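The letter at position 31 of the sequence shown is residue 79 when you use my numbering, and the numbering goes up by one with no holes.
Even for Gly, the Cβ is constructed at its ideal location relative to N, Cα and C.
All values derive from a computational prediction rather than experimental measurement.
Below: one structure, written as C-alpha cells.
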Amino acid sequence: MSVIILFGAILVTVFAVAFVSSRRFGPLALSLATGFLLSEWWGSWLTGVLDGLKLETGLLPNGVISGLVLTLVPLIMLLLSGPRYQKKHERIVSAVGIAFLTAALLVVPLGKYISLDGQALELYKIFANNWRYVATFGLVCGLIDIFSLHTGGHKLAKH
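The structure is reproduced here in C-alpha cells:
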C-alpha cells in the first residue's frame, strides 16, 4: 500500500512543481521519456548496486527506488530551467499533462510492487494495459510543443 501512497504523492508533487515552475510541456515530456529509457536500461543494474551496498529503506524495495530515481531525475533537472509558459491556462494544461505522462510511465515499474484487489485492481489493469497509448499521446504532444517553440524567420529591417 505504501507504493500507492508514494505514487499519488509523486503525481501531486509533479503537478504542483510543474505548475509553479511554468515549464513548457515539450521539454518536460521528453525528459520523462529519457528517464523511462534510463530506468529500463539501467534499473536492474542500479538495483544490484543498491543491494550490494546493503541500502534498505524498509518502506520500499530497491527496485522501486532505482526506477523512481532514474525516471524522475531528468524531469527534475528540466523543472529547474528551460522555456516557460506565460498564461495560467497553459501552465495548468502542462502540469496536468506532465502528471498524466508521469503516471503512465511509472505504472509499469511501480506495478511490480503493488498488491491490489477488487476495484483498485481492475482500475490498475485498465491503466497498465493502456499506458503505452497515454505515453505515446503525451510524447507526440510534447514534440508538437517543442516544434511550436521555434518562430518563423525574422525579416531584416531596412536601413
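Pairwise C-beta distances place the stretch 149-159 in contact with the stretch 182-191, as three or more of them are shorter than 8 Å. Nearest in C-alpha terms to Asn177, of all of Phe195, Ser196, Asp165 and Leu153, is Leu153. Within a 10 Å sphere around the beta-carbon of Arg180 sit fewer than 16 other beta-carbons, which makes this residue exposed. Closest in C-alpha terms to Thr119, from the list Ala64, Ala143 and Ser92, comes Ser92. The C-beta of Ser163 has fewer than 16 other C-beta atoms within 10 Å across all chains shown, which makes the residue exposed.
Residue pairing by DSSP puts Arg71 in a beta bridge opposite Arg132. The beta carbon of Ser87 sits closer than 7 Å to those of Gly115, Leu118, Thr119 and Pro157, all from its chain and outside the five residues before and after it, given in chain order. Inter-segment contact for the stretch 133-144 and the stretch 58-70 is present: three or more beta-carbon pairs are separated by less than 8 Å. Residue nearest to Leu107 within the set Ala183, Ile53 and Asp165 is Ile53 (criterion: CA-CA distance).
Check the Cα spacing between Leu197 and each of Phe63, Gly74, Ala66 and Ala64: the tightest is with Gly74.
Ranked by Cα distance from Gly130, the first of Ser79, Asp165 and Leu101 is Ser79. Look at Gly115 here: in three-state DSSP terms it is helix. Under a 10 Å Cβ-count criterion, Leu126 is classified as buried, with 16 or more other Cβ atoms of the shown protein chains found around its own Cβ. By the neighbour-count criterion, in which 16 or more other beta carbons inside 10 Å mark a residue as buried, Phe195 falls on the exposed side.
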